[in-house]
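Participant:
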Amino acid sequence: MNYEKVILEMLTRIKDLEEKVDMLQEYQQELQNKDEGEDDITSGEEKKESGRKRTRREIMTILEEKYGYSVRKGNRSEGSGIVASKNGKSYNIKVSYSRSYTDSDEVICSGWHTVFDKEIDNPDFPYFIFVVEGKESEFHYFIYKREDLINEFDDKAYDANKKLHFYFRVTKDGKPLEVRETEKDMTAYYNNWDIFK
670 MNYEKVILEM LTRIKDLEEK VDMLQEYQQE LQNKDEGEDD ITSGEEKKES GRKRTRREIM
730 TILEEKYGYS VRKGNRSEGS GIVASKNGKS YNIKVSYSRS YTDSDEVICS GWHTVFDKEI
790 DNPDFPYFIF VVEGKESEFH YFIYKREDLI NEFDDKAYDA NKKLHFYFRV TKDGKPLEVR
850 ETEKDMTAYY NNWDIFK
């Protein structure tokens, strides 16, 4: 029996369930906010915001304030990412969030991301942002143009569900890597905000 395959399948299912739970929690939070008429305070206690929601808000702020984009959250038909508009053109940005899955002192963060083949092959997504939340709740961004993502990882194999798996991490000395199948230096894509200039 191939235990690696079974473990990978279980991890894939767990990650999918975590993402669904996060989405349901965000939806429930939005419904509660509408009912209560306030966004941040309930019964005098500050609501805990998910990492996915915080990172999306931070990305939107960076794109608006540093690069002059008009930004909004995309709807389901737009891939549920972020839509950034500037000079009459709109760009769909696929955002993938992961908390850190490591307790090692050798790395600052290590996240796990998956992307379907239909997302990578979709020219409506010219940008992909993979976010790993570090141990101190800080965000680490791996930012790609679609064609760079395809070229950089053309050696990766899709799993049975037509997904690519990525393990992005940052070592304690600040080196960004992707280590899923082979270790690759991701310095060119780490905090690569200048592609939005």
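Following the working numbering, the numbering of the sequence shown begins with 670 at its first residue and continues without gaps.
Every residue gets a Cβ at the ideal spot worked out from N, C-alpha and C, and that includes glycine.
Our contact map puts Val800 next to Val764 with C-beta atoms below 8 Å; I'd like the distance itself, whole angstroms only.
Facilitator: For the purposes of this step, residue 800 is taken as the residue at position 131 of the sequence shown. For the purposes of this step, residue 764 is taken as the residue at position 95 of the sequence shown. Contact holds; Cβ gap of about 7 Å.
Participant: For Gly720, which residues in the same chain have their Cβ closer than 7 Å to its Cβ, ignoring the five residues on either side in sequence?
Facilitator: One-based indexing of the sequence shown puts residue 720 at position 51. These residues qualify, in order along the chain: Tyr766, Arg768, Glu802.
Participant: Any chance the region 777-796 sits against the region 670-685, with 3 or more Cβ pairs inside 8 Å?
Facilitator: Yes, the region 777-796 is in contact with the region 670-685.
Participant: In the DSSP assignment, what residue or residues form a beta bridge with Pro845?
Facilitator: Numbered from 1 along the sequence shown, position 176 holds the residue referred to as residue 845. Paired residue(s): Val839.
Participant: Output the distance between the C-alpha atoms of Met729 and Lys866, rounded to the nearest integer angstrom.
Facilitator: Here residue 729 refers to the residue found at position 60 of the sequence shown. Here residue 866 refers to the residue found at position 197 of the sequence shown. So the alpha carbons of these two residues sit roughly 14 Å apart.
Participant: Thinking C-alpha only, which one of Tyr810, Lys814, Trp862 is nearest Glu788?
Facilitator: Start at 1 with the first residue of the sequence shown, and residue 788 comes out as number 119. It is Lys814 whose Cα lies nearest to the Cα of Glu788.
Participant: For Thr783, does the three-state DSSP call read helix, strand or coil?
Facilitator: Within the sequence shown, residue 783 is the residue found at index 114, counting from 1. Of the three classes helix, strand and coil, the one that applies to Thr783 here is strand, per DSSP.
Participant: Are Asp772 and Lys841 close, meaning C-beta to C-beta below 8 Å?
Facilitator: In the sequence shown, the residue the question calls residue 772 occupies position 103. In the sequence shown, the residue the question calls residue 841 occupies position 172. No, the Cβ-Cβ distance between Asp772 and Lys841 is not below 8 Å.
Participant: When you compare the CB positions of Phe822 and Thr724, do they come within less than 8 Å of one another, or not?
Facilitator: Start at 1 with the first residue of the sequence shown, and residue 822 comes out as number 153. Start at 1 with the first residue of the sequence shown, and residue 724 comes out as number 55. Not a contact, by the Cβ cut-off of 8 Å.
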